[in-house]
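K.L.:
Have a look at this one before I ask anything.
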Amino acid sequence: MKQYAIEITNSIPLSNSSVSRRIDEMVEDVEKQLIAPLQEKQFALQLDESNLRDNEALLLAYFRFNYEGPKEDTLFARSLTTDTKGETIFNEVATYFKENNIPLKNIIACATDGAPSMTGRYKEPNIKKLVEKHQPQGSH
4 MKQYAIEITN
14 SIPLSNSSVS
24 RRIDEMVEDV
34 EKQLIAPLQE
44 KQFALQLDES
54 NLRDNEALLL
64 AYFRFNYEGP
74 KEDTLFARSL
84 TTDTKGETIF
94 NEVATYFKEN
104 NIPLKNIIAC
114 ATDGAPSMTG
124 RYKEPNIKKL
134 VEKHQPQGSH
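Numbering (the working numbering), first residue to last: 4 to 143.
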(Lines of atoms letter the chains of each structure in order from A and count residues from 1; the text may use other names and numbers.)
(Lines give C-alpha, C1' and ligand atoms only; values in the text may rest on other atoms or scores of the structure.)
Protein backbone atom coordinates (compact mmCIF):
# COMPACT_ATOMS: atom_id res chain seq x y z
CA MET A 1 0.00 0.00 0.00
CA LYS A 2 2.78 2.43 0.96
CA GLN A 3 4.71 1.79 -2.27
CA TYR A 4 1.51 2.31 -4.29
CA ALA A 5 0.94 5.73 -2.67
CA ILE A 6 4.53 6.75 -3.42
CA GLU A 7 4.14 5.71 -7.08
CA ILE A 8 0.93 7.73 -7.43
CA THR A 9 2.50 10.78 -5.79
CA ASN A 10 5.56 10.55 -8.03
CA SER A 11 3.40 10.30 -11.17
CA ILE A 12 1.72 13.68 -10.55
CA PRO A 13 3.49 16.26 -12.70
CA LEU A 14 4.46 19.47 -10.93
CA SER A 15 6.03 22.47 -12.58
CA ASN A 16 8.76 24.47 -10.90
CA SER A 17 6.32 27.32 -10.36
CA SER A 18 3.84 24.99 -8.61
CA VAL A 19 6.52 23.70 -6.27
CA SER A 20 7.79 27.21 -5.62
CA ARG A 21 4.27 28.49 -4.95
CA ARG A 22 3.58 25.65 -2.51
CA ILE A 23 6.83 26.29 -0.66
CA ASP A 24 5.95 30.00 -0.40
CA GLU A 25 2.49 29.11 0.95
CA MET A 26 4.01 26.80 3.57
CA VAL A 27 6.51 29.47 4.64
CA GLU A 28 3.71 32.03 4.98
CA ASP A 29 1.62 29.59 7.04
CA VAL A 30 4.51 28.77 9.37
CA GLU A 31 5.25 32.49 9.85
CA LYS A 32 1.58 33.18 10.69
CA GLN A 33 1.63 30.41 13.30
CA LEU A 34 4.89 31.77 14.69
CA ILE A 35 3.72 35.36 15.13
CA ALA A 36 0.12 34.71 16.23
CA PRO A 37 0.98 34.47 19.96
CA LEU A 38 3.22 37.56 19.69
CA GLN A 39 0.22 39.60 18.61
CA GLU A 40 -1.48 38.94 21.95
CA LYS A 41 1.15 37.94 24.52
CA GLN A 42 4.15 39.64 26.06
CA PHE A 43 7.58 38.39 25.03
CA ALA A 44 11.29 39.07 25.26
CA LEU A 45 13.11 40.19 22.13
CA GLN A 46 16.77 39.56 21.36
CA LEU A 47 18.51 41.45 18.55
CA ASP A 48 21.84 40.64 16.97
CA GLU A 49 23.43 42.85 14.32
CA SER A 50 26.25 41.27 12.35
CA ASN A 51 28.46 42.55 9.57
CA LEU A 52 29.06 40.16 6.73
CA ARG A 53 31.62 40.36 3.98
CA ASP A 54 31.35 43.25 1.53
CA ASN A 55 30.20 45.53 4.38
CA GLU A 56 26.71 44.02 4.40
CA ALA A 57 24.85 44.22 7.72
CA LEU A 58 22.35 41.62 8.88
CA LEU A 59 19.82 42.00 11.69
CA LEU A 60 18.62 38.84 13.42
CA ALA A 61 15.67 38.92 15.81
CA TYR A 62 14.74 36.14 18.23
CA PHE A 63 11.87 35.95 20.67
CA ARG A 64 11.15 34.08 23.86
CA PHE A 65 7.92 33.77 25.85
CA ASN A 66 5.95 31.36 27.96
CA TYR A 67 2.89 29.94 26.21
CA GLU A 68 2.05 26.35 27.03
CA GLY A 69 5.67 26.10 28.17
CA PRO A 70 8.74 28.13 27.23
CA LYS A 71 9.02 28.98 23.53
CA GLU A 72 12.02 30.44 21.71
CA ASP A 73 12.49 30.91 17.98
CA THR A 74 13.95 33.10 15.27
CA LEU A 75 11.56 35.87 14.33
CA PHE A 76 13.32 37.30 11.27
CA ALA A 77 16.59 37.99 9.51
CA ARG A 78 16.81 41.21 7.50
CA SER A 79 19.53 43.06 5.65
CA LEU A 80 20.23 46.58 6.83
CA THR A 81 20.64 48.51 3.61
CA THR A 82 21.65 51.94 4.90
CA ASP A 83 23.52 51.89 8.21
CA THR A 84 23.56 50.16 11.60
CA LYS A 85 22.55 53.05 13.83
CA GLY A 86 20.17 52.35 16.69
CA GLU A 87 17.36 54.25 15.01
CA THR A 88 17.79 52.32 11.75
CA ILE A 89 17.68 49.01 13.61
CA PHE A 90 14.62 50.09 15.59
CA ASN A 91 12.85 51.20 12.39
CA GLU A 92 13.53 47.79 10.82
CA VAL A 93 12.02 46.06 13.87
CA ALA A 94 9.06 48.47 13.98
CA THR A 95 8.37 47.95 10.26
CA TYR A 96 8.32 44.16 10.68
CA PHE A 97 6.05 44.46 13.70
CA LYS A 98 3.67 46.80 11.86
CA GLU A 99 3.55 44.50 8.80
CA ASN A 100 2.62 41.60 11.09
CA ASN A 101 0.33 43.42 13.55
CA ILE A 102 2.60 42.81 16.53
CA PRO A 103 2.26 45.63 19.11
CA LEU A 104 5.60 47.06 20.26
CA LYS A 105 4.11 47.29 23.75
CA ASN A 106 4.19 43.47 23.93
CA ILE A 107 7.99 43.57 24.25
CA ILE A 108 8.72 43.19 27.97
CA ALA A 109 12.50 42.89 27.61
CA CYS A 110 15.00 43.61 24.86
CA ALA A 111 18.44 42.00 24.85
CA THR A 112 21.12 43.04 22.39
CA ASP A 113 24.64 42.17 21.35
CA GLY A 114 27.51 44.46 22.29
CA ALA A 115 27.44 46.61 19.15
CA PRO A 116 27.81 50.33 19.96
CA SER A 117 24.50 51.21 18.28
CA MET A 118 22.76 48.65 20.48
CA THR A 119 24.32 49.66 23.78
CA GLY A 120 24.32 53.43 23.37
CA ARG A 121 28.06 54.06 23.25
CA TYR A 122 27.39 56.73 20.65
CA LYS A 123 25.24 59.83 21.13
CA GLU A 124 22.46 58.53 18.90
CA PRO A 125 19.53 56.77 20.56
CA ASN A 126 20.22 53.10 21.22
CA ILE A 127 17.75 50.37 20.43
CA LYS A 128 16.81 49.67 24.06
CA LYS A 129 15.85 53.33 24.67
CA LEU A 130 13.79 53.40 21.48
CA VAL A 131 11.93 50.21 22.46
CA GLU A 132 11.30 51.58 25.98
CA LYS A 133 9.61 54.67 24.49
CA HIS A 134 6.86 52.41 23.17
CA GLN A 135 6.19 50.61 26.45
CA PRO A 136 3.29 51.49 28.74
CA GLN A 137 4.38 53.76 31.60
CA GLY A 138 5.84 51.88 34.54
CA SER A 139 6.51 48.65 32.63
CA HIS A 140 10.28 49.09 32.26
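The beta carbon of each residue, even a glycine, is placed where N, CA and C say it ideally should be.
So, under 8 Å CB-CB, L63 and D76 are touching, yes? Tell me the CB distance rounded to an integer number of Å.
P.N.:
Here residue 63 is taken as the residue at index 60 of the sequence shown, counted from 1. Here residue 76 is taken as the residue at index 73 of the sequence shown, counted from 1. About 12 Å; that fails the 8 Å criterion.
K.L.:
Can you give me the Cβ contacts of N104 inside the same chain, cut-off strictly under 6 Å, excluding the 5 residues immediately before and after it?
P.N.:
Residue mapping note: residue 104 aligns to position 101 of the sequence shown, counting from 1. The residues are Q42.
K.L.:
Looking at the strands, I want to know which residues DSSP matches up with S53.
P.N.:
Residue numbering aside, residue 53 sits at position 50 when the sequence shown is read from its first letter. DSSP output for S53 lists L61 as bridge partner(s).
K.L.:
Quick check on L78: buried or exposed, where buried means 16 or more other Cβ atoms within 10 Å of its Cβ?
P.N.:
Along the sequence shown, read from residue 1 onward, the residue named residue 78 stands at position 75. Answer is buried; the Cβ neighbour count reaches 16.
K.L.:
How would you label V33, buried or exposed, when you count the other beta carbons within 10 angstroms and need 16 or more for buried?
P.N.:
Taking the first residue of the sequence shown as 1, we reach residue 33 at position 30. With fewer than 16 Cβ atoms within 10 Å of its Cβ, V33 is classed as exposed.
K.L.:
Evaluate contact between the segment 65-73 and the segment 83-101, counting only Cβ atoms and requiring at least three cross-stretch pairs below 8 Å.
P.N.:
no
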